[in-house]
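The listed protein sequences correspond, in order, to chains A, B, C and D.
Taking our numbering, I'd label the letters of the first sequence as residues 17 to 377.
Taking our numbering, I'd label the letters of the second sequence as residues 17 to 377.
Taking our numbering, I'd label the letters of the third sequence as residues 17 to 377.
Taking our numbering, I'd label the letters of the fourth sequence as residues 17 to 377.
Even for Gly, the Cβ is constructed at its ideal location relative to N, Cα and C.
Below you'll find the structure, written out as structure tokens, and then a few comments.
There are 4 protein chains.
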Amino acid sequence: MNTFGNIFRLTTFGESHGFGVGGVIDGMPAGVAVDMEFIQKQLDRRRPGQSRLTTSRREDDRVEVLSGVMDGCTTGQPVGFLVRNNNQHSQDYDNLRDLFRPSHADLTYYMKYGIRDHRGGGRSSARETVSRVVGGAFAMLVLRQKGISIRAYTQQVGDVVLAGTYADYDLEQTDSNDVRCPDAETARRMSDLIMEVKGEGDTIGGVIACVIQGCPVGLGEPCFRKLHAQLGSAMLSINAAKGFEYGQGFGNMNLRGSQQNDILIPCDGEISRNRMPEFKTNNSGGIQGGISNGQDIYFRVAFKPVATLLMEQDTVDIHGNAVKLRARGRHDACVLPRAVPIVEAMAAMVILDNMKLAGMI
Amino acid sequence: MNTFGNIFRLTTFGESHGFGVGGVIDGMPAGVAVDMEFIQKQLDRRRPGQSRLTTSRREDDRVEVLSGVMDGCTTGQPVGFLVRNNNQHSQDYDNLRDLFRPSHADLTYYMKYGIRDHRGGGRSSARETVSRVVGGAFAMLVLRQKGISIRAYTQQVGDVVLAGTYADYDLEQTDSNDVRCPDAETARRMSDLIMEVKGEGDTIGGVIACVIQGCPVGLGEPCFRKLHAQLGSAMLSINAAKGFEYGQGFGNMNLRGSQQNDILIPCDGEISRNRMPEFKTNNSGGIQGGISNGQDIYFRVAFKPVATLLMEQDTVDIHGNAVKLRARGRHDACVLPRAVPIVEAMAAMVILDNMKLAGMI
Amino acid sequence: MNTFGNIFRLTTFGESHGFGVGGVIDGMPAGVAVDMEFIQKQLDRRRPGQSRLTTSRREDDRVEVLSGVMDGCTTGQPVGFLVRNNNQHSQDYDNLRDLFRPSHADLTYYMKYGIRDHRGGGRSSARETVSRVVGGAFAMLVLRQKGISIRAYTQQVGDVVLAGTYADYDLEQTDSNDVRCPDAETARRMSDLIMEVKGEGDTIGGVIACVIQGCPVGLGEPCFRKLHAQLGSAMLSINAAKGFEYGQGFGNMNLRGSQQNDILIPCDGEISRNRMPEFKTNNSGGIQGGISNGQDIYFRVAFKPVATLLMEQDTVDIHGNAVKLRARGRHDACVLPRAVPIVEAMAAMVILDNMKLAGMI
Amino acid sequence: MNTFGNIFRLTTFGESHGFGVGGVIDGMPAGVAVDMEFIQKQLDRRRPGQSRLTTSRREDDRVEVLSGVMDGCTTGQPVGFLVRNNNQHSQDYDNLRDLFRPSHADLTYYMKYGIRDHRGGGRSSARETVSRVVGGAFAMLVLRQKGISIRAYTQQVGDVVLAGTYADYDLEQTDSNDVRCPDAETARRMSDLIMEVKGEGDTIGGVIACVIQGCPVGLGEPCFRKLHAQLGSAMLSINAAKGFEYGQGFGNMNLRGSQQNDILIPCDGEISRNRMPEFKTNNSGGIQGGISNGQDIYFRVAFKPVATLLMEQDTVDIHGNAVKLRARGRHDACVLPRAVPIVEAMAAMVILDNMKLAGMI
């Protein structure tokens with residue numbers, strides 16, 4: 017199923033090397049001004065070829081909105097949109113027609129569908145995430161009005177880690193460098209590592225951190241649709257994602273409950289939806305019992321190194337024979353910088369969907 | 017929404033201190049022999065009071081199957097079931113009526129629903145997971161027939177970590193000790209740590225690892241419903257879960273793509289659903305492009321320390337006043353041992369659901 | 017799938033001759049007083065054995081609420097409930113073990129599931145509708161507060177038809193007779209017909225009409241989930257239902273558009289959600305473009321004669337042999353009177369679900 | 017929600033007077049040859065301007081397939097498609113900007129969304145059904161391979177009724193006349209009536225009948241998703257539909273159960289999925305207990321007269337004032353002929369979805 021969400025929904029289609037990619041955004045509230053510049057800017061942040069760190073592939077990635085907007089505002093009807101492919105070099109992939117690239121979806125798709133779409137990975141290509149960025153940008157148009165901000169950044173590349181938490185940095189600086197790390201010095205080291213890896217024809221993974229601020233209390237459902245379960249599912253559906261954690265996550269396992277519990281601070285008067293108490297800490301990551309508590313929601317997403325290498329690899333062809341593979345074309349040595357807006361987009365859709373489910377919009 | 021799954025579905029109800037918990041299993045294939053002993057055994061593994069490590073609360077947790085079974089076999093109709101609460105000490109919770117316990121769902125539920133169900137956490141209690149274990153056990157009845165096994169174990173408690181991977185241990189030994197760690201020596205150290213923490217009235221978290229073996233190729237969907245995104249959502253919906261990773265996950269970030277890619281081994285003849293090639297490694301964790309590749313699927317789930325402490329804590333009451341909280345009743349110092357069957361149950365439901373979606377059952 | 021609804025949902029389980037029937041109501045708003053007397057009264061209206069017109073089977077049909085209610089009010093958590101079977105005469109069905117009853121679900125269930133649950137139809141029995149009446153009664157608890165009423169009545173039995181529309185009768189009189197027709201004289205003729213048919217060991221069908229009053233403007237979705245499509249699906253899912261129509265439906269096909277269009281009446285001031293104009297007529301049946309317009313929503317549901325006859329019928333057994341079937345046990349000659357509360361219940365769940373989807377509750 | 021279906025799904029977007037309409041078909045099996053000529057032919061049957069009976073509006077309605085197809089075959093990935101609007105006369109609608117047309121969706125959309133999309137009805141226009149026809153045509157590509165045929169025809173226009181049942185006519189003749197009635201003489205009378213009504217600037221409704229042949233046993237679910245409930249919902253979601261009935265429906269209410277029951281015919285050997293017994297009659301309409309029994313599935317759909325009249329009507333404007341409305345532009349006097357392929361398309365999608373749910377495809 018290529019649909020994401022419950023009552024705010026994105027349905028996507030499209031492949032890496034066909035006509036293009038696109039989708040349908042369903043459940044967009046009516047009367048929202050459609051800031052096309054903002055939407056395009058989000059796409060530009062995901063676009064290949066934006067810096068020496070990313071692939072030299074240039075894709076313009078212009079979004080065309082086909083429906084659901086009249087006189088510059090949403091109508092409440094489904095928003096169809098298209099982003100055409102261009103600058104395709106399908107011939108770059110001709111040598112892959114009968115191969116299965118290691119750690120790609122080539123083999124599993126072939127097994128599931130009996131089809132080998134060798135043209136840049138077809139549907140399994142990260143080009144599909146273009147549609148997610150568009151869907152997320154529409155969601156953000158609504159969230160912005162409600163004072164909710166979502167900011168992701170590259171927190172780790174290989175073994176270069178940004179120390180501390182999001183609170184230690186000015187996240188407005190994230191886009192001030194190509195690697196999208198809010199600390200210039202760490203960004204430089206990450207950048208150096210990526211260039212080094214790229215020079216070897218190899219690839220490297222890392223971690224993106226994200227924080228959602230201004231989120232109202234009460235999002236998420238108690239049982240199977242805990243807010244963090246929805247966020248986790250959303251993030252893990254991004255290409256190359258291998259892990260998700262929020263709050264303390266996998267870290268600090270030596271800390272006791274008495275050290276991790278977030279203590280409430282007494283406040284002046286009856287507690288109600290309009291008078292939330294404050295907390296001394298936020299180890300919970302803004303979610304308790306699956307429901308947002310008004311604190312910052314923060315989480316981390318692990319990404320593996322891109323599977324496409326610009327060096328020779330052993331693999332097998334469709335006949336089971338050993339073959340040597342050497343990718344042609346233009347590929348990222350590290351997806352992290354371009355995945356930052358994708359993480360934000362997925363988070364935005366989860367939050368808006370849950371605001372709608374909670375009857376807040 | 018209290019329903020899990022797409023076409024194999026579990027819907028649950030019930031609270032910690034009401035009549036009991038239960039649910040409806042929908043989409044169970046017809047004609048499956050219902051091994052009640054097996055189902056009860058899974059429940060017993062989750063049950064409180066099974067060892068000195070867990071709460072001294074004794075709950076019998078007998079499952080009553082109300083429908084969907086005739087002459088010992090499933091009929092293809094929904095399986096309603098009940099597990100009655102007993103041995104309730106609601107008075108243990110009377111002192112909580114107007115309090116919000118730190119890092120519990122008390123405050124967020126109150127904000128979302130305007131209700132303070134102080135009796136043992138009400139719906140937010142991990143008692144709800146009884147129903148998940150029953151649902152998972154029914155799923156396992158089908159998976160067993162297909163040669164699919166699912167085995168979870170406690171891999172970390174606090175800073176005591178079981179080294180290596182699942183392949184280094186005999187997972188048949190997992191239940192040979194109270195902590196459900198397949199290595200006796202590590203289990204002993206985990207057990208000692210839990211007893212120490214318990215003695216302090218404190219709690220401790222950890223990590224459960226799980227491996228799915230014998231899983232067919234082709235489970236999962238390309239885009240939003242990647243198999244690991246579904247597994248991640250399932251695991252993160254378990255009480256106290258803070259993180260999920262599969263394959264290499266958050267670890268080994270210094271490894272390059274050339275070190276992480278799983279190289280295919282040439283085989284004898286055309287590759288097809290019946291002739292899958294083998295791999296030199298399994299860094300992918302059995303899932304490529306969101307679809308199972310026939311290799312072992314392995315993942316890890318992080319759990320925080322239980323929020324209920326048997327020591328005094330500061331908190332606030334409904335009027336915003338500072339109060340001292342000291343839990344009464346019987347509580348776990350570490351949920352890991354009892355969460356092992358829950359992790360297995362959730363995994364089983366995900367796998368069966370996806371086999372049905374893929375038309376394999 | 018045994019779940020009905022989008023975000024107000026009912027999941028049901030249970031068979032005619034097992035432990036009982038029950039379900040889970042999910043999405044019930046918190047803080048609603050649970051009027052158990054009202055809920056039980058709705059069940060009593062559906063109950064067999066309430067008059068000489070219906071089966072002489074006596075079922076007490078006491079509903080037990082298992083969860084989701086505290087101190088007499090809903091908590092916003094799922095409401096599990098049970099209605100035990102009693103007074104079962106399974107031996108009445110022993111002669112059916114190897115037979116397929118004509119125009120029952122016996123053969124199709126056998127083909128789909130490979131199971132022959134001969135005990136009173138098993139899951140296909142109309143006993144399953146007990147759970148719908150409970151679900152509907154909970155929905156009505158909310159709708160009553162909003163001033164929305166739902167009233168169904170028997171409008172036709174065989175060729176005895178209640179002339180005119182719902183507006184011509186006092187629907188408070190519906191339950192003043194056994195057949196649930198608001199006109200005493202027509203009710204008498206319907207009743208006579210049913211008794212006559214019953215005397216012959218035969219059965220008869222008819223039509224139930226229903227009107228929803230006080231429904232807010234704006235329920236329903238433009239495209240596939242038009243309000244009447246949802247109502248139609250709900251009604252057609254009731255056992256023995258063969259047709260659904262709303263507004264002018266199949267009737268008056270000789271009328272032109274100029275005769276059917278509902279003309280708006282000018283009003284004093286800007287039109288807005290708070291100032292709906294009135295209409296000269298309501299041929300639309302309260303729904304335009306799939307969305308409620310605030311007028312009365314009225315529709316009709318056709319029911320076929322019950323398939324179980326108390327006379328001898330030809331049929332075949334599992335071996336393909338010709339056999340004679342004569343039903344034993346106690347059966348209705350006409351389901352209409354007992355189906356009235358089921359129609360109301362399904363309508364109530366559709367309306368509440370759509371109010372939630374529209375963010376009105 | 018603008019998505020139809022469970023695991024074979026169509027999501028649509030687009031308005032009458034914007035860029036165009038389109039959609040995403042999800043769950044299309046891989047490896048199906050895409051017969052573009054067939055798909056286009058279905059669209060041509062729905063297209064305006066095909067005969068003097070329909071609007072003189074000419075729309076080319078060329079479908080562009082954007083994804084999910086490679087080398088002429090489906091890949092199992094979502095099929096995005098577009099049908100551009102052309103020949104738009106938006107100025108035809110300028111006089112409607114502040115009006116609410118009687119018995120249109122104008123007022124209800126305005127109330128629900130706060131938006132008045134006056135351009136030809138916007139999303140509520142039947143132009144949206146273009147996407148349904150495309151989705152249905154893709155479904156038919158699969159059903160054809162399985163020997164399943166779906167044939168609808170105009171059975172009634174105003175008071176001109178085609179006597180008898182589908183079995184009395186050669187449905188291959190349906191498209192031999194403009195009105196799509198398989199009997200030439202009745203077609204002529206229907207056609208005359210439509211032309212007469214059109215001459216008056218008025219409109220007329222009618223009934224479309226449909227028969228599904230070759231459908232396997234076992235489609236549909238027992239409870240809420242009975243096959244006919246799904247078909248009913250699908251049909252009632254078509255613009256202007258007012259009623260749905262299958263089998264005996266609303267008719268022949270004077271017949272007793274003994275006259276309506278479909279008697280099974282003894283057969284030679286054990287009954288199994290491969291050896292279905294035959295029936296003496298098919299009053300059930302091919303569905304028993306909500307599940308297909310292998311007999312022909314037949315149903316009828318009632319359509320009201322088109323609301324747009326080419327004569328003067330009274331209505332109100334946005335300020336509540338009385339105004340006179342006279343539609344400009346080109347409009348159908350009777351939608352039945354063009355609705356025939358829409359009914360077929362919706363039926364095809366329901367059948368394929370249920371075959372997938374039943375694991376048959």
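In this structure, B:Val99 places its C-beta atom within 8 Å of the C-beta atom of B:Val79.
Distances from the alpha-carbon of A:Ser274 to those of A:Glu286, A:Asn299, A:Thr219 and A:Tyr169 put A:Asn299 closest.
Secondary structure of C:Tyr169 (DSSP, three-state): strand. The distance from the Cβ of B:Asp312 to that of B:Val233 is about 13 Å, inconsistent with a contact at the 8 Å cut-off.
For D:Tyr262, the enclosing beta strand (DSSP E) has its first and last residue at Ala257 to Tyr262. In terms of beta-carbon proximity, C:Ile131 lines the interface with chain B, with at least one pair separated by less than 8 Å.
Look at the beta carbons and you see the segment 78-96 of chain C not touching the segment 255-271 of chain D: under three pairs across the two are nearer than 8 Å. With respect to the 8 Å criterion, C:Gly36 and C:Gly30 are classified as neighbours on the basis of their beta carbons. Contact holds between the segment 362-372 of chain C and the segment 237-255 of chain C, because three or more Cβ pairs, one in each stretch, are under 8 Å apart. Take the alpha-carbon of A:Val359 and the one of A:Thr145: they are about 10 Å apart. The beta carbon of C:Tyr182 sits closer than 7 Å to those of Ala225, Val227 and Tyr314, all from its chain and outside the five residues before and after it, given in chain order. Neighbourhood of C:Leu373 in chain A, by CB distance below 8 Å: Ile23, in chain order. Boundaries for A:Ala250: no beta strand (DSSP E) harbours it, while the alpha helix (DSSP H) harbouring it runs Leu243 to Leu252, taken from the DSSP string.
Per DSSP, reduced to three states, the secondary structure at B:Phe54 is helical. DSSP places D:Glu286 in the coil class of the three-state scheme, outside both helix and strand. Residues of the segment 311-344 of chain D with a C-beta atom less than 7 Å from some C-beta of chain C are Ala318, Lys320, Pro321, Val322, Ala323, Leu325, Met327, Gln329, Asp330, Thr331, Val332, Ile334, His335, Gly336, Asn337 and Ala338, listed in chain order. The segment 129-146 of chain B and the segment 169-180 of chain C do not touch, with fewer than 3 CB-CB distances between them shorter than 8 Å. When DSSP reads this structure, A:Met86 sits in a beta bridge with A:Cys89. Contact residues of the segment 88-100 of chain D toward chain B are Gly92, Gln93 and Pro94 (C-beta to C-beta distance below 9 Å).
In this chain, the beta strand (DSSP E) harbouring C:Arg100 covers Val95 to Arg100.
Ranked by how close their Cα comes to the Cα of D:Ile377, the residues D:Thr27, D:Thr19 and D:Gly43 have D:Gly43 in first place.
Put simply, the backbone Cα of B:Ala203 is about 59 Å away from that of D:Gly38. Take C:Gly137, set aside five residues on each side of it, and the residues of its chain with a beta-carbon closer than 6 Å to its own are Ser32, in chain order. Assigned with DSSP and collapsed to three states, D:Glu31 falls in coil, not helix or strand. Taken through DSSP and simplified to helix, strand or coil, B:Arg148 comes out as helix. The beta carbon of A:Pro238 sits closer than 8 Å to some beta carbon of chain C.
C:His244 is classed as buried because its beta carbon has at least 16 other beta carbons within 10 Å across all chains shown. If you draw a straight line from the Cα of B:Ala355 to the Cα of C:Leu26, it is about 29 Å long. When the beta-carbon positions are compared, B:Val322 and A:Phe266 stay at least 8 Å from each other. Close CB contacts of D:Gln329 within its chain, under the 7 Å cut and outside five residues either way in sequence, are with Pro118 and Leu341 (chain order). Every alpha helix (DSSP H) of 4 residues or more that sits fully in the segment 148-221 of chain A is shown, in chain order, as 200-215. Apart from the 5 residues on each side of it in sequence, A:Gln56 sits with its Cβ closer than 8 Å to the Cβ of Arg78 and Val79 in its chain, given in chain order. Excluding five sequence positions before and after D:Ile210, the CB atoms of its chain that fall closer than 6 Å to its own CB belong to Leu69, Ala349 and Cys350, given in chain order.
By a beta-carbon distance limit of 8 Å, A:Cys239 contacts B:Thr28. Their separation comes to about 6 Å. Rounded to the nearest angstrom, the gap between the Cα atoms of D:Phe260 and A:Arg291 is 52 Å. Separation of the CB atoms of C:Ile23 and C:Asp333 is rounded to 46 Å, and the pair is thereby denied contact status at 8 Å.
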